Each structure stands twice: as structure tokens, then as C-alpha cells.
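Visitor: Sharing a structure here in C-alpha cells format.
Number of protein chains: 2
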Amino acid sequence: MSWSKDSGRPGHGPRGYHHGNLKEALLRAALELIAKKGPAGFTFAEAARWAGVSPAAPYRHFRDRDELLSNIALRGFQQFEIILAKAWDDGRPDPMTALDRLGKAYLAFARTEPAYYSAMFEAGIPLDTNLELREAGDRAFAVLRTAAERVAVTLPVSSRPPSLMMALHIWATAHGIASLFGRGDAGRRTLPMTPEELLEAAVLVYLRGLGLPDGPPPPKP
Amino acid sequence: MSWSKDSGRPGHGPRGYHHGNLKEALLRAALELIAKKGPAGFTFAEAARWAGVSPAAPYRHFRDRDELLSNIALRGFQQFEIILAKAWDDGRPDPMTALDRLGKAYLAFARTEPAYYSAMFEAGIPLDTNLELREAGDRAFAVLRTAAERVAVTLPVSSRPPSLMMALHIWATAHGIASLFGRGDAGRRTLPMTPEELLEAAVLVYLRGLGLPDGPPPPKP
DNA sequence: GGGCTCATGTAAAGACTATTCACATGAGCT
DNA sequence: AGCTCATGTGAATAGTCTTTACATGAGCCC
Chain A
1 MSWSKDSGRP
11 GHGPRGYHHG
21 NLKEALLRAA
31 LELIAKKGPA
41 GFTFAEAARW
51 AGVSPAAPYR
61 HFRDRDELLS
71 NIALRGFQQF
81 EIILAKAWDD
91 GRPDPMTALD
101 RLGKAYLAFA
111 RTEPAYYSAM
121 FEAGIPLDTN
131 LELREAGDRA
141 FAVLRTAAER
151 VAVTLPVSSR
161 PPSLMMALHI
171 WATAHGIASL
181 FGRGDAGRRT
191 LPMTPEELLE
201 AAVLVYLRGL
211 GLPDGPPPPK
221 P
Chain B
1 MSWSKDSGRP
11 GHGPRGYHHG
21 NLKEALLRAA
31 LELIAKKGPA
41 GFTFAEAARW
51 AGVSPAAPYR
61 HFRDRDELLS
71 NIALRGFQQF
81 EIILAKAWDD
91 GRPDPMTALD
101 RLGKAYLAFA
111 RTEPAYYSAM
121 FEAGIPLDTN
131 LELREAGDRA
141 FAVLRTAAER
151 VAVTLPVSSR
161 PPSLMMALHI
171 WATAHGIASL
181 FGRGDAGRRT
191 LPMTPEELLE
201 AAVLVYLRGL
211 GLPDGPPPPK
221 P
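Which chain is which? The protein sequence lines are A and B, in order.
So the first sequence is numbered by the working numbering: it starts at 1 and just counts up by one.
So the second sequence is numbered by the working numbering: it starts at 1 and just counts up by one.
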């Protein structure tokens, strides 16, 4: 018998006794399942089935179901940091424009990667038992923190709050909007406006409260 | 044999063949289990065991596990409405003071009733298949909406936004703070301040952004 | 090439949960 | 007293989680 592993490119399907890339396959399977049925409606066995292996195989790569979830959350935070940093783009062309982009990127991530987002924030993974995860989360938050600092220096000293607090306020608002209204399909509530508009308005009002000279950079038509 | 149901007051434990109040007992059991292990770590069978009945008994009262969760979320929204309305107290003695109380009540509910809160917002119950649940949620939100309206009329007309938007902003911020930092024990992130302080500061800055004449009612020392 | 070793996968088994169905019980009404 | 029906039981099916002993073959060393 000689169907060792050369039966065409193993583009997607498993081949032979050894899968070759089971860990990745399981993570991808879990992502699809979570996106479809929420973090609770994903089973270890189903991921194994999807990858074409026995129900026991995943235990060679993850101690248990929770460790797989942690892995997903970890990757989620890493990707989150990347897309947030890209959106912030070091504050170009100006901090306000970049901050607006940042907020939109936040909501876009929650919408287009609901599986990552819920693993990161709604799966109830204990942060204190997983240093790596906490650090990845902190790095993602650091992007927001940096943005807040850069925006803060454009504000009048008199009413300027600690930038950490600004960052927390913006984070909480973005997260609140994302989790209450962010994911279109499911049984979520509907709004008289898009989540993006809601967040942008909130941030503008908030910054005005901190003394931001009125009006966003005039829209170029 | 004659231990029908008279063995003392059935204060807490089940008695005889018929439990007498199984539905309530199951709901209470579920609340404790959810509070302890999150909405996912609650099983129908364990609730039945806690109530001292067979695993099949709960099906006489709830179609399935999800219907029990929906029931909990429904009661959660009802209690939520009550405590929010009580905190708002029709805007006495003045809307700003009452709004501050409202925010604190919001966070207090999330902290002291984590089981209700997570059933309401994190259990992924589809709102569109459960009209009663949606309406209960809407009624709770209506308290916030009313508060926003009352605060809005104290603001200068020029910068006054739709009160619905104000209510949504405040709701999102409160929810964001509650779900990111609100539940003390577990593996949540820690803060350089209390969630209450964080929310109060956010709302004050936000309202100043809407033209609120500076300074909260002077603190009486 | 031949053979060894170890990571990776399988099969089978025990324990638990969800859910259903036929049957038992007894509370409340007549 | 006798009926009836809501409420609870037991047993059975199906699916999941997890462990354990065993199988396979990829990579390496000679």
C-alpha cells in the first residue's frame, strides 16, 4: 500500500494515519463551530469529527476543551492587536482621524471574527491562570492606551484626565456596543443607527467633554 | 409508611413523592450553579439532583435547558427593571444625582447577581424567538431611556442629542464596564479604580461634552 | 537500506448529560 | 369514596468527555 501522503495536495482533507497538521485543523474547526453556535455550542468531539480523526486525537494537542479555547483566545488577541495597530497607524494623519479608524476596526473585528471575539471576552477563561493570555490581551489594550495618550496631548491641560482612564472609557464603550449590538445576525437588538455611528458619536461627545475644540476635521466632499 | 409531607416544614428540602414547588426550586438551583460556574457550567441534571428529584422531573416544567435559561433571563430583566427604577426614583432629588445612583445600581446588579446578569446578556438566548423576554428587556432599558430624557432637557438645546442615543451610550458604557471589570472574583482584569468611579467619570465627561454646566452638585462633606 | 524511537492516532471503556416514554403517585375535586 | 390529571419515577437511547492500552509510521542514526 502506498497512499502514504502523496495523494495530491492535502489541501484541506486529512490523509493517512497521521493527519500532519491536526492542531491547526482543530483550531480552524473550533472557530467555525464557535462562529456558528457560540462558544458553548462547540464540542471537542465535533471538532475532531470535522477534522476526520477520532474523538481522542485532540487530546494529543490540547489538555482539554478549555485549553483549546484559551489557544483561540490567545490567537484572537494577537490578531486583534495587529488589526488595531494597523488601524491606528501611529496616529496618521492626525490622532483624531486615526482614533476614529481605531474604533471602526474594533467593531469590525467583533463583527467579522465573532468566534475570536467571544472566545476572548465571553468564554469566561480565567486570566489569572494564563499569563500568556493576559499579556496578549494587555498588548492589544496597549494600542488603545497609546492612542489615548496621543489624543490626550491635544487636549487642554486643565480638563485632561489620565490617559489610562480615557483608554478604559473608550474600551468599555466599544466593548459594550460590540457585545450589545455588534453581531448582526443573531437575536441581537436592533438600532436606529449603525454601531459604528453610535461609537463615533459617543467618542466625539466624550472628547468634547474633555475640551476638544469643536468639530471633527471638516469632511472633504 | 407515613412520611407523606408532614415531616416538619418543607422549608427547603423536597418532601414526599411530589415536590410541591419544583419549578421555583429548579430556578433557584440554576441560579446558584450559574453563579458558581458560569452559564455553560450548569446542567439540567445537576439542578434536578440539587432539588432532590429525578433527572426527568424538570421536563415537566421546562421544555429543555434553554427554556429554563430563558426563564432566568426573564426574571433577571424584571428584577433589573425594579432595581433600576428604584435607583432612578423618578429623578429625585435632581436628575444628575439620580442618574449617578442609576449607574451605581446597574453595576451593583451585575456584581451581586452575576447569574442573572450573564443569563440576560451572555447566554446567547435569541431575543427574536422570545417576545416576552425582549419586552422585559425593553422595559428595563426604558428606565434608562426615561432618565436620559430627563437629563437631556437640562442641557442646552444646541448640543442636545436624541435622548435615545444618550441612553444607548450610557447603557453601552455601563455594560462594557460591567462585563470587562464588573465581577470581582474571577479572572477579570483589575483596575486602578472601582468600576463605579470609572462609570461615574465617563458619564460626567460625556455629559460635559453635551454642554452640561460644569461640576457635579457640590459634594457635601 | 534497515531498524529504532517517539510523536501522533485509534479503539474501547467508564462516567456523565440530555431527552423521551411508559408507568406510578397522590392532591384536589365531585 | 372514587376519579383524574398534574407531577414525579425508572429505564432506555444517544451523544459527549476523558483516560488507557495499543497501533502506526516519520524521522533519524548507523
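Glycine included, C-beta positions come from ideal geometry on N, C-alpha and C.
Just so it is clear, the structure is predicted and the values come from calculations on it, not from any experiment.
#1: Could you tell me how far apart the beta carbons of A:ALA73 and A:ALA51 are, in whole angstroms, since I believe they sit closer than 8 Å?
#2: Compare the C-alpha of A:MET96 against each of A:SER158, A:PHE44, A:MET166, A:ARG150 and name the closest.
#3: On the premise that A:ILE34 lies in contact with A:ALA119, defined as a C-beta separation below 8 Å, what is that separation, rounded to the nearest angstrom?
#4: So, is B:ARG54 buried or exposed, given that buried needs 16 or more other C-beta atoms within 10 angstroms?
#5: Smallest Cα separation from A:SER159: which of A:TYR206, A:ALA136, A:PHE44, A:LYS36?
#6: What residue range is occupied by the uninterrupted alpha helix (DSSP H) comprising A:THR112?
#7: Do the segment 132-149 of chain A and the segment 127-147 of chain B meet, that is, are 3 or more Cβ pairs less than 8 Å apart?
#8: Which residues mark the beginning and the end of the alpha helix (DSSP H) in which B:ASN71 is found?
#9: Going by alpha carbons, who is nearest to A:ALA48 out of A:THR190, A:GLU24, A:LEU212, A:LEU199?
#10: Going along the segment 170-186 of chain A in order, which residues come within less than 9 Å of chain B, judged by CB to CB distance?
#11: Between the alpha carbons of B:ILE65 and B:PHE44, how many angstroms are there, rounded?
#12: From B:SER2 to B:LEU31, what does the alpha carbon distance come to, in whole angstroms?
#13: Let me make sure I understand the geometry here. Which of B:ARG189, B:PRO156, B:GLY20, B:PRO161 has the alpha-carbon closest to that of A:LEU168?
#14: Entirely within the segment 107-165 of chain A and at least 4 residues each: give me those alpha helix (DSSP H) ranges in chain order.
#15: Between A:GLN78 and A:ALA136, is the Cβ-Cβ spacing less than 7 Å?
#16: Helix, strand or coil for A:LEU191, going by three-state DSSP, please let me know.
#17: Relative to the alpha-carbon of A:HIS175, which residue among A:GLY124, A:PHE109, A:SER163, A:PRO213 has its alpha-carbon at the smallest distance?
#18: Would you mind working out which of B:ASP94, B:TYR59, B:GLY38 sits nearest B:GLU113, comparing C-alpha positions?
#19: At a CB distance below 7 Å, what residues from the segment 192-206 of chain B approach chain A? Give them in sequence order.
#20: Given that a residue counts as buried once 16 or more other Cβ atoms are within 10 Å of its Cβ, and exposed if not, what is A:ILE82?
#21: Specify the secondary structure class of B:LEU22 as computed by DSSP and reduced to three states.
#22: Would you say A:ALA40 reaches chain B, if we count a Cβ-Cβ gap shorter than 7 Å as a contact?
#23: Alpha carbons only, please: which of A:LEU198, A:LEU107, A:ASP90, A:VAL153 is nearest the one belonging to B:LEU164?
#24: In chain B, which residues lie with their C-beta within 7 Å of the C-beta of A:GLY103?
#25: Which bits of chain A does B:LEU107 rub up against, with CB to CB less than 8 Å?
#26: Output needed for B:HIS19: all residues of its chain with C-beta closer than 8 Å, excluding positions within five of it in sequence on either side, in chain order.
#27: Identify the contact partners of A:ARG189 in chain B, using a Cβ-Cβ distance below 9 Å as the criterion.
#28: Do A:LEU69 and A:ALA115 have their beta-carbon atoms positioned less than 7 Å apart in this structure?
#29: In chain order, what are the residue ranges of uninterrupted alpha helix (DSSP H) at least 4 long that sit wholly in the segment 27-63 of chain A?
#30: Taking C-beta pairs closer than 8 Å, name the residues in chain A that B:GLY76 reaches, listed in chain order.
#31: So, at 8 Å on beta carbons, what are the nonlocal neighbours of B:LEU155 in its own chain, with the 5 sequence-adjacent residues on each side left out?
#32: Answer yes or no: do B:ALA98 and B:GLY91 have a C-beta to C-beta separation smaller than 7 Å?
#33: Return the residue from the list A:LEU27, A:GLU67, A:GLU46, A:TYR59 that minimises the CA-CA distance to A:ASN287.
#34: Are B:THR194 and A:THR173 touching if we call contact CB-CB under 7 Å?
#35: On a CA-only basis, which of A:SER179, A:ILE125, A:GLY103 is nearest A:GLU196? Give me that one, please.
Guide: With the structure as the only source:
#1: Contact doesn't hold; Cβ gap of about 20 Å is too wide.
#2: A:ARG150
#3: 6 Å
#4: Inspection of the sequence shows that residue 54 of chain B is occupied by Ser rather than by Arg. The residue is exposed, with fewer than 16 neighbouring Cβ atoms inside 10 Å.
#5: A:TYR206
#6: 95-112
#7: no
#8: 65-88
#9: A:GLU24
#10: TRP171, ALA172, THR173, ALA174, HIS175, GLY176, ILE177, ALA178, SER179, LEU180, PHE181, ALA186
#11: Contrary to the premise, residue 65 of chain B reads as Arg rather than Ile in this sequence. When rounded, the distance between both Cα atoms is 6 Å.
#12: Confidence is the limiting factor: at B:SER2 the pLDDT is only 31, short of 50, which leaves the residue's position unreliable, though a coordinate-based value still follows. One C-alpha to the other measures close to 33 Å.
#13: B:ARG189
#14: 114-121, 131-152
#15: yes
#16: coil
#17: A:PHE109
#18: B:GLY38
#19: PRO192, LEU198, ALA201, ALA202, VAL205, TYR206
#20: exposed
#21: helix
#22: yes
#23: A:LEU198
#24: Per Cβ cutoff of 7 Å: no residues; A:GLY103 is ~12 Å from chain B at best.
#25: Result: empty, since nearest Cβ-Cβ is about 11 Å, beyond 8 Å.
#26: ALA25, ALA51, GLY52, VAL53, ALA57
#27: LEU127, ARG134, GLY137, ASP138, PHE141
#28: no
#29: 44-51
#30: Near B:GLY76 there are no residues of chain A at all, since even the closest Cβ is about 15 Å away, more than 8 Å.
#31: LEU207, LEU210, GLY211, LEU212
#32: yes
#33: In the structure displayed, chain A extends from 1 to 221; residue 287 of chain A sits before or after that span and is not available.
#34: no
#35: A:GLY103
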